[in-house]
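To start, the structure under review is shown below, and the notes come after it.
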């Protein structure tokens with residue numbers, strides 16, 4: 005039986021509220037899932053966020069035209085039943101599923117698709133009411149989108165695209181209710197309306213976010229009646245709650261804690277090879293980090309295999325470049341810079357003599373206070389890097405911020421060093437290289453946190469987007485990775501295993517390769 009809960013009147017709220025932290029006690033219904041995580045969501049407007057805690061909820065509230073299979077990264081029809089494209093690859097026509105409703109009762113149709121994508125692609129969309137955050141450049145190849153009739157929508161691309169279908173399967177392209185956006189305006193991110201298997205019920209910031217099953221979902225009603233996302237910042241508290249049966253799932257737990265939980269009765273672990281990277285970003289517009297030798301010195305100073313043992317309990321592998329080894333497009337022939345303190349010191353001395361800055365250096369390191377899927381122990385990782393850089397004569401001051409503030413700080417370019425990471429949105433190297441290291445993505449809403457600007461890398465990445473031959477495209481990505489490695493705007497640290505712990509009464513929930521939290525098939529079975 006699940007532990008401390010307060011069941012509020014359905015007539016008042018229609019939700020179940022967690023009250024465990026306040027010592028109140030009752031039983032959660034057997035059809036209610038409690039998801040324990042380290043941080044609350046930022047916004048539930050798909051175009052307004054790239055924070056993982058928001059995405060976990062968004063993928064249950066909305067559908068996309070094309071989606072990823074429930075168990076794989078294969079593309080399958082979703083709100084679009086079928087599609088075709090012109091011979092030149094510039095015109096894509098999608099035929100929409102009939103009789104689909106938004107949660108507010110309004111019909112899903114071609115105009116809703118046009119409305120959704122106008123918010124993404126127009127420079128001054130009439131009904132955006134928010135900034136389209138880091139993903140906007142991923143849709144800049146869309147020249148126009150038009151409703152042909154109620155169930156047919158047509159996209160015109162500027163160039164042929166190898167990533168168009170993959171990109172419109174990503175969460176920022178989730179189809180929103182035009183009626184709800186126009187009514188809610190800036191408040192839509194806190195009052196979302198989509199067509200997904202769950203509808204929004206209630207959100208008490210930093211306490212709980214409640215979803216309820218959408219009975220009219222086109223794929224059928226979910227088995228769960230509701231799902232409650234509860235932010236619990238301390239991982240030890242999440243572990244205790246999981247052991248006591250107060251939550252069904254705990255994610256982003258320290259690796260050592262997960263190893264111990266594997267031996268706990270009533271708890272099972274799921275593990276996937278992570279399509280992710282944890283990395284150290286260096287703000288290349290700020291001296292002395294604008295000097296390539298300084299960045300290379302920092303890369304030589306970090307003992308990545310030891311970091312894997314210290315901060316990941318062995319459940320990761322050292323990273324050489326940003327593209328995960330399990331993904332097509334990873335450069336298998338690149339050899340990492342060895343851990344070499346003497347070489348790092350030599351590079352610093354050369355840079356000091358050439359650029360005229362004094363040694364020793366003092367730098368700040370910005371770090372998130374909550375765990376991420378690619379970095380379950382961010383403070384431990386930060387301390388490891390601080391000690392590593394001290395060994396080559398760089399004094400580091402660690403600055404800790406909540407996740408949302410941390411990434412806003414990095415995007416604004418206010419940092420010097422920063423810890424960051426990325427999980428795949430679409431199983432394509434473009435999602436790592438273009439999103440994280442292309443000059444198109446420099447800015448206060450961009451994910452090029454290092455503000456790295458290499459015109460040849462930019463040329464290669466844009467050419468790869470429109471190249472439809474996989475062999476030619478791969479060659480471009482390999483060349484881009486070699487240039488990025490030489491310039492060292494980031495230090496790729498590790499690729500992690502994605503792991504979660506859950507109660508054994510939770511069935512049907514599969515850890516997706518993309519780390520998406522999909523609850524449509526989840527159910528809770530009574531203990532025998």
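Residue numbers (my numbering): 5 to 532.
Even glycine gets a Cβ: it sits at the ideal position worked out from N, Cα and C.
Residue range 95-100 is occupied by the beta strand (DSSP E) that includes residue 99.
DSSP lists no beta-bridge partner residue for residue 121. Non-local C-beta neighbours of residue 515 in its own chain, meaning closer than 7 Å and more than five positions away in sequence, comprise 274, 276, 502, 504, ordered along the chain. Nearest neighbour of residue 145 by Cα position, chosen from 131, 508, 164, turns out to be 164. Excluding five sequence positions before and after residue 39, the CB atoms of its chain that fall closer than 6 Å to its own CB belong to 233, 253, given in chain order. For residue 356, same chain residues with a beta-carbon under 6 Å away, outside a window of 5 residues either side, are 363 in chain order.
Of 162, 468, 151, 224, the smallest CA-CA separation from residue 92 is found for 162. DSSP places residue 232 inside the beta strand (DSSP E), whose first and last residues are 230-235.
According to the DSSP assignment, residue 372 belongs to the beta strand (DSSP E) that extends over 365-372. A Cβ-Cβ distance of about 5 Å is found for the pair residue 465 and residue 442, placing them in contact under the 8 Å criterion.
With the rule of 3 Cβ pairs closer than 8 Å, the stretch 311-322 does not count as touching the stretch 521-531. Residue 56: member of the alpha helix (DSSP H) spanning 56-65, first to last residue. Straight-line measurement puts the Cα of residue 67 at about 7 Å from the Cα of residue 82. Residue 105 is not a Cβ neighbour of residue 113, given a cutoff of 8 Å. Under the three-state reduction of DSSP output, residue 251 falls in the coil class, being neither helix nor strand. Secondary structure note for residue 314: its alpha helix (DSSP H) is the uninterrupted segment 308-316. Per the DSSP secondary-structure output, residue 283 pairs in a beta bridge with 424, 496. For residue 379, the CB contacts under 7 Å within the same chain, skipping 5 residues up- and downstream, are 282, 385, 423, 425 in chain order.
A distance below 7 Å between beta-carbons, with the five flanking residues on each side excluded, links residue 453 to the following residues of its chain, in chain order: 285, 414, 415, 422, 424. Annotation for residue 521: no beta strand (DSSP E) segment contains it, and DSSP assigns it neither H nor E. Assigned with DSSP and collapsed to three states, residue 320 falls in strand. Within the stretch 158-243, the complete beta strand (DSSP E) segments at least 3 residues long are 202-208, 212-217, 230-235, listed from N- to C-terminus.
Here residue 306 is buried, its C-beta having at least 16 other C-beta atoms within 10 Å. Contact annotation: the stretch 314-328 does not touch the stretch 389-405, with fewer than three C-beta pairs closer than 8 Å.
DSSP, reduced to helix, strand and coil, places residue 139 outside both helices and strands of the structure shown, so it counts as coil. Under the Cβ criterion (8 Å, minimum of three pairs), the stretch 256-268 does not count as touching the stretch 344-358.
Between the C-alpha atoms of residue 64 and residue 202 there is a straight-line separation of about 6 Å. Per the DSSP secondary-structure output, residue 404 pairs in a beta bridge with 371.
If you draw a straight line from the Cα of residue 159 to the Cα of residue 60, it comes to about 28 Å. C-alpha of residue 220 to C-alpha of residue 107: approximately 8 Å in a straight line. In the three-state scheme derived from DSSP, where H, G and I count as helix and E and B as strand, residue 481 is classed as helix.
Note on residue 420: 16 or more other CB atoms within 10 angstroms of its CB, so buried under the neighbour-count rule.
Spatial neighbours of residue 403 in its own chain (CB-CB distance under 6 Å, excluding positions within 5 residues in sequence) are listed in chain order as 368, 370. Cβ-Cβ distances below 7 Å link residue 294 to 288 in the same chain, with the five nearest sequence neighbours on each side left out; the list follows chain order.
For a cut-off of 8 Å, the C-beta gap from residue 491 to residue 438 is around 16 Å, too long to register as a contact.
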